[in-house]
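> Have a look at this one before I ask anything.
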Amino acid sequence: MEIKTNYPLKNHNTFGIAANAKEFASVQSVAELAEVLKENKGKKLFILGGGSNMLLTQNIDALVIHVNLKGKEVVWQDDNTVHIKAMAGENWHEFVLYCIDQGYGGIENLSLIPGNVGTTPIQNIGAYGKEIKDTMVSCEAIDRETQQLVTFTNKDCEFGYRESVFKGRLKDKYIITSVTFGLTKTNHVINTSYGDIAAELASHNIVSPTIKEVSNAITTIRQSKLPDPKELGNSGSFFKNPVITIEQFERIYLQHPTMPHYTLDDSFVKVPAGWLIEQCGFKGKRFGDAGVHAKQALVLVNYGTATGQELLNLSKNIQQTVLDTFGISIEAEVNVI
Ligand code: EPU
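Read in my numbering, the sequence shown has 219 at position 219, and its numbers run on one by one without any break.
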């Protein structure tokens with residue numbers, strides 16, 4: 001197993017930040033992964049998937065393991081349902097398109113989310129009314145210490161909004177090697193209730209959409225709001241949408257009756273961080289090469305040579321301004337390294 005030293009990570013993070021790994025190994029199989037873990041016991045490790053949810057503010061002083069496991073296979077099916085297993089290094093969007101081409105429904109609302117399959121359960125990726133937890137049957141992960149392969153059921157993952165056991169209790173204990181999804185072959189459950197999907201479909205005179213048409217509509221909407229990391233470095237939503245109390249919401253709503261919001265229960269309301277950031281005047285603002293996307297204020301962008309530190313400073317400036325203006329703390333969704 002070849003271990004490279006002082007390895008550049010610019011092409012391994014969607015923000016396009018220039019930073020180096022002290023050591024770097026790309027593994028192509030579970031056996032190789034086990035081997036590298038066994039031979040490098042005691043070393044500080046950093047696990048890299050698609051690099052789509054991290055902000056590098058410094059060089060990584062660790063052995064970076066690039067999880068480059070490929071492959072997908074149907075592991076079970078009957079007339080209506082299929083269980084398909086994808087290896088962790090498969091590109092998420094290509095996997096979504098593959099499933100749609102096979103006629104498998106359930107993940108079409110998660111089209112065009114950057115990153116790899118293996119990292120999707122970690123933060124329970126979600127968009128347009130669907131989350132990974134709605135279709136994930138199980139995932140396999142290797143224990144970093146013992147190299148034992150363990151299966152986690154959906155319940156074992158303790159999923160929440162952009163949360164799972166892999167971010168909490170079991171942080172840094174396992175490396176996900178594959179994920180199995182339970183998808184529909186017939187009677188697809190089409191969910192077009194969120195945001196602009198219905199309007200986008202209506203503009204094409206589509207009344208009862210197929211899974212492919214839902215995917216196309218979401219791809220169009222995402223492309224209109226979210227920058228393509230290949231053209232403009234970014235990491236999707238930089239912040240999570242905050243949850244506030246009803247009392248706090250009512251106070252702000254009196255002054256801002258146009259504030260979008262989602263009532264969660266009798267006590268709590270979720271508000272879009274993008275809206276709060278826009279109200280604070282950051283949308284489309286640029287500070288050197290670090291900026292706030294002009295079409296979606298939740299997304300920070302690297303116009304070229306921004307450093308991770310510059311983007312981090314911008315994010316802190318935004319957090320402080322939102323706190324001073326609305327009394328609401330917004331938390332980063334992206335992992336700051
Ligand atoms: N809004 C603004 N200004 C902005 C951005 C948003 O006023 O600059 C308002 C919109 O007008 C809308 C509301 O905020 O009323 C919600 O906006 P949007 O539908 O774009 O969704 P979001 O809550 O900002 C979340 C996810 C996205 C996901 C979309 C669609 C989080 C942190 N983000 O964004 O996920 O694509 O919903 O489902 O939950 C990601 O995680 O990387 C990501 C892009």
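Note that CB positions come from ideal geometry on N, CA and C, so glycine has one too.
Once you ignore the five residues that flank E278 on each side, which residues in its own chain have a CB closer than 8 Å to its CB?
Reading the sequence shown from its first residue, position 278 is the one you call residue 278. Cβ within range, chain order: A297.
> May I have the straight-line CA-CA distance separating Y253 from E90, to the nearest angstrom?
Position 253 of the sequence shown, counting from 1, holds the residue named residue 253. Position 90 of the sequence shown, counting from 1, holds the residue named residue 90. Looking at the two C-alpha atoms, the distance is approximately 43 Å.
> May I ask which residues mark the beginning and end of the beta strand (DSSP E) holding F181?
By one-based count along the sequence shown, residue 181 stands at place 181. Per DSSP, F181 belongs to the beta strand (DSSP E) from 174–184.
> Which same chain residues end up closer than 7 Å to P121 when comparing Cβ atoms and leaving out the 5 residues on each side of it in sequence?
As a working note, residue 121 is residue 121 in the sequence shown. The answer, listed in chain order, is I132, M136, C139, C157, S164, F166, I176, V179.
> Measuring only the C-alpha atoms, how far is G71 from Q309?
On the sequence shown, position 71 is the one that residue 71 refers to. On the sequence shown, position 309 is the one that residue 309 refers to. The alpha-carbon atoms of G71 and Q309 are separated by roughly 36 Å.
> Cα separation between R251 and Q319?
For the purposes of this step, residue 251 is identified with residue 251 of the sequence shown, where counting begins at 1. For the purposes of this step, residue 319 is identified with residue 319 of the sequence shown, where counting begins at 1. Each residue's Cα considered, the two are about 20 Å apart.
> May I ask you to report which of helix, strand or coil DSSP gives D61?
Reading the sequence shown from its first residue, position 61 is the one you call residue 61. It is a strand residue.
> Is the separation between the beta-carbon of I337 and that of L63 shorter than 9 Å?
Sequence index remark: in the sequence shown, residue 337 carries index 337 (1-based). Sequence index remark: in the sequence shown, residue 63 carries index 63 (1-based). For I337 and L63, no; Cβs fall outside 9 Å.
> Is it right to say S111 is buried, meaning 16 or more other beta carbons lie within 10 angstroms of its own, or is it exposed?
Here residue 111 is taken as the residue at index 111 of the sequence shown, counted from 1. Counting Cβ neighbours within 10 Å, S111 comes out buried, since at least 16 surround it.
> Please determine whether the Cβ atom of G274 lies at a distance below 8 Å from any heavy atom of the ligand EPU.
Here residue 274 is taken as the residue at index 274 of the sequence shown, counted from 1. Yes - the ligand EPU has a heavy atom lying nearer than 8 Å to the Cβ of G274.
> Under a Cβ-count criterion, where at least 16 other Cβ atoms within 10 Å of its own Cβ denotes burial, should D134 be classed as buried or exposed?
Here residue 134 refers to the residue found at position 134 when the sequence shown is read from its first residue. Flag for D134 reads buried.
> The beta strand (DSSP E) spanning D143 covers which residue range?
Taking the sequence shown and counting its residues from 1, one reaches residue 143 at position 143. That run of the beta strand (DSSP E) goes 136–143.
> Which residues in the same chain have their Cβ closer than 7 Å to the Cβ of K130, if we skip the five residues on either side of it in sequence?
Taking the sequence shown and counting its residues from 1, one reaches residue 130 at position 130. N109, L110, N191, listed in sequence order.
> What do you get for A21, buried or exposed, if any count of 16 or more other CB atoms within 10 angstroms of its CB means buried?
Counting from one through the sequence shown, the residue named residue 21 turns up at place 21. Per the 10 Å Cβ criterion, buried.
> Name the residue from W92, K225, G160 whose alpha carbon lies nearest to the alpha carbon of G51.
The residue you call residue 51 lines up with position 51 of the sequence shown. Closest by alpha carbon: W92.
> Which value, in whole angstroms, describes the spacing of the CA atoms of R162 and L48?
Numbered from its first residue, the sequence shown carries residue 162 at position 162. Numbered from its first residue, the sequence shown carries residue 48 at position 48. Rounded to the nearest angstrom, the two C-alpha atoms are 18 Å apart.
> What are the start and end residues of each continuous alpha helix (DSSP H) run of 4 or more residues lying completely inside the segment 88–119, in chain order?
Counting only runs of 4 or more, we get 92–102.
> Would the C-beta of I122 count as close to the ligand NAP, meaning under 8 Å from any of its heavy atoms?
The ligand NAP is not part of this structure, which contains only the ligand EPU.
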